[in-house]
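Enquirer: Below are the structure tokens for one structure; questions will follow.
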Amino acid sequence: MTCVVPALRVGTRYPEPRTSNAMPSLPLAFGFASLPMFGWLAAAAAPWLIHLFSRRKYRETAWAAMDFLMAAVKRRTRRIQIEHWLLLLLRTASIVAIVLAVAEPFFEHPCPVLRPGGRTHRVLVIDGSYSMAFKTGDRSRFQQAKQWAARIVEKSSPGDGFTLIEMADPPRAIVGTPAFEAASIRQEIENLEILHTSADLAATLAEVRKVIDTARRESPRLVRHEVYFVGDLQRGTWLPSMSDAARADFRKRAAELAEIADLEVIDLGVIDLGQGAAENLAVTSLAMHDPLVLAGRSVEIEAAVRDFGHTARPHQPVDLLVDEHPAARQYVDVPAGGTVSVRFNYRFETPGDHAVEARSLGDGLDVDNHRYLAVTARPAMRVLCIDGRPSGDPRRTTVYNLANALAASGSREERSPAEIETATESAIQERDLGAYDCVALCNVAQFTASEARLLDGYLGRGGSLVFFLGDQVRGDRYNAELTGQGSTPAILPGRLKEIVEKPRGSLDPLGYRHPIVQEFRGQEKSGLLTSPVTKYFKVELATDLPSAKRGEGRIAAQVVLAMHNGDPLVVAATVRRGRVVLVTTSADTSWAAMPLWPSYLPLVEEILAWSTGGQATVGNVEVGEPLQASLRAVAGVASVAIERPDGRRRWAPLESHGDYSSWSYDDTYHSGVYTVHCDLPGAAKRLFAVNLRTAESDLSPITKQELQEDVWPGISFGYETTSPGDGIAPSNSVGHSSRIQIGLLYGVVGLLFLESLLAWQFGYQKT
Amino acid sequence: MSASPAQYLDPKVLARLEGLALRARSVVEGYVAGIHRSPFHGFSIEFAEHREYAPGDDLRYLDWKVLARSDRYCLKQFEEETNLVCNLLLDTSESMSYRSEGAAMSKLEYAKCAAASLAYLILHQQDSVGMVTFDREIRALVRPSGNPSHLKDILQVMERSAGERKTATGTIFHELAERFKKRGIAIIFSDLLDDVDALLAGLKHFRHRRHEVVLMHVLDPAEIDFPFDKLTLFRGLEGLPELLTEPRALRKAYLEEMQKFIHRLKWGCRQQRIDYVLVRTDRSLEIVLSSYLASRK
């Protein structure tokens, strides 16, 4: 039942944040959420029935002093009647007030203060990004946000529904359908954990809309919807840089949401004003200067420290920890709003995985003062050269020149020779490719499906493949097995086409954009561009392939070096967790004289460095990205155990792919080092480093005016905050659903008290 | 129906009254020498006063000593001690039959017990006692006598008295005041639920005839306290109408009316030097009587 009464203009609860056009003078509608309760209005007749019934039930007695009784009656008849009527009216009014209270009356009005009723669906959106870990005193903003949310639940009326969304990237609907038990929703709020991600407001709005649509469909008795955004109003989240079209779309979605729900922003960011809220220091990067790490060899580790505030930080200590043990400390002067790099030299004594951490001095936001790096120290670089045309004379083999060049490469600085093994095609199936850092496939005629699967598995484990072509190569077979046409996903960064002979002109480095050729910039005398190529396979890049357009190939191919006519000569691609380099000519001198040119050795060195560089980063991801790896398939091993940074242990099932198995774990919303244990015999633990996207480290918030004018212009929303030192003090923005009910119940108490008082005064109570 | 002394004479009450003789506070006219003063002076051993000699006086009472000292003719006068004559007036109207749940007996039964006890006491001290029962007219009259067997007659009269009719105390008191030739004590047992002005006028008539009057106002505790709390139908006695009402709402007004009534009675009695005794029927009779008699000493 909803009746519309004449329009009533009222004041706004939040005069400052609300725009003038956000408070239209709408009709005041009055209704009840529980209409069946009106059946109890019949109980209001009870006092009258009791009165009438009592008139029929009386005691009798003879009476001598009748004159006095008659005189008393004569004096008080009129007053007695008035008292009777008054008491009956009070009793009736008490019952009516009780019935009205349980019928849950409500007002529909744009002013939240006057919207006290109806079953309400409250969507609690708590900012779970890591900036909420910023601490003021002994409490973090996230703890304050949870207390706000719990207070909202506490102050709500019975029968209200709650959903809970954690604003992150991506947002998570913790409670996606309305829950009606306050205790359970409070428990969910209590269990909420901060995520080391940023926050995606647009995606959060979409999630809120989805939740409200679900509530409207499944819980129609929730007649009103309120969305509470509880967070720090970080500029990067609420006012991100986006295109005009994207911003218009975002505002349109927000306006649509505001039409079906009341938006309420609870700003926890302003409480830190005057306390350096926007001051924050973070370690924004940590990387190995050389992608290949060998045990016993010194490596350079570089960390970047950035100040996100407006205060310079001189003599800021930066610690390097390896396997949780302090390894080095340096002091840097960080300019206000600037970034400085810190370089450490460290030597990993033992081969295997190591956890490296760079740590700056703690501040209000500790989570971004750490950055992690998982490093695999190898005893030596091992390269397997598959010769497609073996010969008894090593000098006549295809891989002779390549092996010599590889043997001269290795660590860039110390020139340690790589361990080179030469083998025939059968080694692909006979040997464990995982034992090699790089596999060079030279003039291999064709690959079988099983060989293609093995190569795919090797790439899945972060392996490095370098293809050299030649006269034995059958392009159709390559295309059939290695470009995703068969059962095996694409491996080659392109499809082989016809052979081009006697090309003209010099080579084109394409602006030296790719790391492989960057070292040749300004070194034209090295002969790279004048290397003679007499034959090569024309290649259609994977980005042009139909499979890649469908997103099936997952190959990001880039031409490193091209012929004068633009045909690719060297193509590099990242394939799954590995890297592939395709050289469209031969490794020996049959199709090109490159091996004889002085630029050949540094080119091979760079190809080796780049292709194996992926292995250094395979264990390092950002929050939200899955941890993935492949293992040699072993019967009886069904899962791997993952030890999270918080000490909790999880399991990831192994998915079999024939000769190897893979696992994936995607709950990486906390930064730190994840340790993976496998029950494989002889398998060592593997380390993965999960790091923050440090854009969230910029704590500067938006202002109320920006929220009003730039984020949600023209959209009606409420804004609340608390002053410093107030702690948790949600204002009256919540709990108004029960205000009328509480008022009525207080009225009932008052009426009952008045009835008792008057009955006592009138003499109707026993003395 | 024979009267049983034990019905109205409670041994405990009588034992309590032993020694508490009903001594007439004012002068009464007796006809047998007793313990009470008589208005008639004559021969006696207790000197009263002198008066001037008048021709015709008996010279035997001339005080020669005074004549010798002052040459004046004075006669000696002596007080005559006589027997008390007490009339017990018992209201037997219908209103006296009321008895509430909190009372052990009705007002009439209580009044009968009190009257019987006093009659026993008076006869026991060699005085005369009479009995009158009345409502709107005199129903029975037993003339005063000091014969111990007279108690039986009084009890028989009370036995025959049952509250059935309306009362008219004013008229009755006027009539009895005229009938009682000899001055004495009139003890009235009644609830006095009648016209107060007429009642006081009747009492005034008694006093005019030089009777000492004791008014035993017998009321049921319910009539004084009005303890009813539920809806009640009050059936009026003595022909008064019924009334269905909520007693809790009327209690205060009723008590005010009752107090006003008692106050008028007390005030009227005090003006005429009449002893007013409010008797609640839930109180012990022995205490009521002994207290009053003790106060007369």
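As you go down the protein sequences, you meet chains C and E in turn.
My numbering numbers the first residue of the first sequence as 1 and each following residue consecutively.
My numbering numbers the first residue of the second sequence as 1001 and each following residue consecutively.
Backbone N, C-alpha and C define an ideal beta-carbon position, used for all residues, glycine too.
Predicted, not measured: the structure shown is a model, and the values here were computed from it.
In the DSSP assignment, what are the bridge partners of residue 1232(E)?
Expert: 59(C) and 1245(E).
Enquirer: How long is the line joining the alpha carbons of residue 1003(E) and residue 1010(E), rounded to whole angstroms?
Expert: Because the pLDDT at residue 1003(E) is just 45, under 50, the model does not fix this residue reliably, and the value given afterwards should be weighed accordingly. Distance between the alpha carbons of residue 1003(E) and residue 1010(E) is about 14 Å.
Enquirer: Please state whether the Cβ-Cβ distance between residue 389(C) and residue 472(C) is less than 8 Å.
Expert: The answer is yes: Cβ separation under 8 Å.
Enquirer: What is the rounded straight-line gap between the Cα of residue 619(C) and the Cα of residue 216(C)?
Expert: Going from the Cα of residue 619(C) to the Cα of residue 216(C) covers about 44 Å.
Enquirer: Please list the terminal residues of the continuous beta strand (DSSP E) segment that includes residue 167(C).
Expert: Here the beta strand (DSSP E) through residue 167(C) covers 161 to 167.
Enquirer: DSSP three-state call for residue 1093(E): helix, strand or coil?
Expert: Correct three-state label for residue 1093(E): coil.
Enquirer: Ignore the nearest five residues each way along the sequence and tell me which others in residue 688(C)'s own chain have a CB closer than 6 Å to its CB.
Expert: Closer than 6 Å at Cβ, skipping near neighbours: 374, 619, 627 and 674.
Enquirer: So, helix, strand or coil for residue 134(C), using DSSP?
Expert: Of the three classes helix, strand and coil, the one that applies to residue 134(C) here is coil, per DSSP.
Enquirer: Do you know whose CA, among 309(C), 305(C), 313(C) and 310(C), lies nearest residue 319(C)'s CA?
Expert: Here the closest residue by C-alpha is 305(C).
Enquirer: For residue 288(C), which of helix, strand or coil comes out of DSSP?
Expert: If DSSP states are grouped into helix, strand and coil, residue 288(C) belongs with the strands.
Enquirer: Is there a Cβ from chain C that is less than 8 Å from the Cβ of residue 1140(E)?
Expert: No, residue 1140(E) does not count as interfacial toward chain C.
Enquirer: Check whether the Cβ of residue 1090(E) lies closer than 8 Å to any Cβ atom in chain C.
Expert: Not one chain C Cβ lies under 8 Å of residue 1090(E).
Enquirer: Take the Cβ of residue 1281(E) as the centre, count every other Cβ of all protein chains shown within 10 Å, and call the residue buried at 16 or more, exposed below.
Expert: With 16 or more Cβ atoms within 10 Å of its Cβ, residue 1281(E) is classed as buried.
Enquirer: Which residues, taken in chain order from the segment 50 to 66 of chain C, show a beta carbon closer than 8 Å to some beta carbon of chain E?
Expert: So the close ones are 54, 55, 57, 58, 59, 60, 61, 62, 63, 64, 65 and 66.
Enquirer: Please return the same chain residues whose Cβ sits closer than 6 Å to the Cβ of residue 285(C), not counting the five positions on each side in sequence.
Expert: Same-chain partners within the cutoff: 304.
Enquirer: Under 9 Å Cβ-Cβ, which residues of chain C neighbour residue 1162(E)?
Expert: Under the 9 Å cutoff, chain C gives no residues; its nearest Cβ is about 15 Å from residue 1162(E).
Enquirer: Give the single residue among 153(C), 194(C) and 651(C) whose Cα lies nearest to the Cα of residue 169(C).
Expert: Cα-wise, what sits closest to residue 169(C) is 194(C).
Enquirer: State yes or no: is the C-beta of residue 1198(E) within less than 8 Å of the C-beta of residue 1089(E)?
Expert: Contact: no.
Enquirer: Can you check DSSP and say which residues form a bridge with residue 171(C)?
Expert: Paired residues: none, contrary to the question.
Enquirer: Which term fits residue 762(C), buried or exposed, when burial requires 16 or more other beta carbons within 10 angstroms of its beta carbon?
Expert: By the neighbour-count rule (16 or more Cβ atoms within 10 Å), residue 762(C) is buried.
Enquirer: So residue 1174(E) is in the alpha helix (DSSP H); what residue range does that whole segment cover?
Expert: Looking at the DSSP string, the run of the alpha helix (DSSP H) that includes residue 1174(E) is 1169 to 1179.
Enquirer: Tell me whether residue 288(C) is buried or exposed, calling it buried when 16 or more other Cβ atoms sit within 10 Å of its Cβ.
Expert: Label assigned to residue 288(C): buried.
Enquirer: Fully enclosed by the segment 1239 to 1287 of chain E, which alpha helix (DSSP H) runs are 4 residues long or longer?
Expert: If we require 4 residues or more, the alpha helix (DSSP H) runs fully inside the segment 1239 to 1287 of chain E come out as 1247 to 1271.
Enquirer: Using a beta-carbon distance below 8 Å, is residue 1236(E) in contact with chain C?
Expert: Chain C contact via Cβ: present.
Enquirer: Can you check DSSP and say which residues form a bridge with residue 421(C)?
Expert: Beta-bridge pairing links residue 421(C) to 384(C).
Enquirer: Does the distance from the CB of residue 407(C) to the CB of residue 420(C) come in under 8 Å?
Expert: Contact: yes.
Enquirer: List the residues of chain C that residue 1167(E) touches, going by C-beta distances under 9 Å, in chain order.
Expert: The premise fails here: residue 1167(E) is roughly 10 Å from chain C at the closest Cβ pair, so nothing lies under 9 Å.
Enquirer: Please work out which residues of its chain come closer than 8 Å, Cβ to Cβ, to residue 525(C), disregarding the five sequence neighbours upstream and downstream, and give them in chain order.
Expert: Cβ neighbours of residue 525(C) beyond the five flanking positions: none.
Enquirer: Please report the straight-line C-alpha distance between residue 980(E) and residue 1068(E), rounded to a whole angstrom.
Expert: Only positions 1001 to 1297 of chain E appear in this structure, which leaves residue 980(E) out of reach.
Enquirer: Does any residue of chain E have a CB that is nearer than 8 Å to the CB of residue 82(C)?
Expert: No, no contact with chain E.
Enquirer: Does the segment 525 to 540 of chain C come close enough to the segment 604 to 613 of chain C to have 3 or more Cβ pairs within less than 8 Å?
Expert: Too few Cβ pairs lie closer than 8 Å, so no.
Enquirer: Give the straight-line distance between the Cα atoms of residue 41(C) and residue 96(C), rounded to the nearest whole angstrom.
Expert: Straight-line Cα distance between these residues: approximately 6 Å.
Enquirer: In three-state terms, what does DSSP make of residue 1125(E)?
Expert: Coil at residue 1125(E), not helix or strand.
Enquirer: Leaving out five residues before and five after residue 204(C) in sequence, what residues of the same chain have Cβ atoms less than 7 Å from its Cβ?
Expert: Answer for residue 204(C): 125, 165, 167 and 171, listed in chain order.
Enquirer: Less than 8 Å between the CB atoms is what I'm expecting for residue 1139(E) and residue 1092(E), so what's the real figure, rounded?
Expert: Confirmed, about 6 Å.
Enquirer: Per DSSP, which residues does residue 508(C) bridge with? Please list them.
Expert: Paired residues: 562(C).
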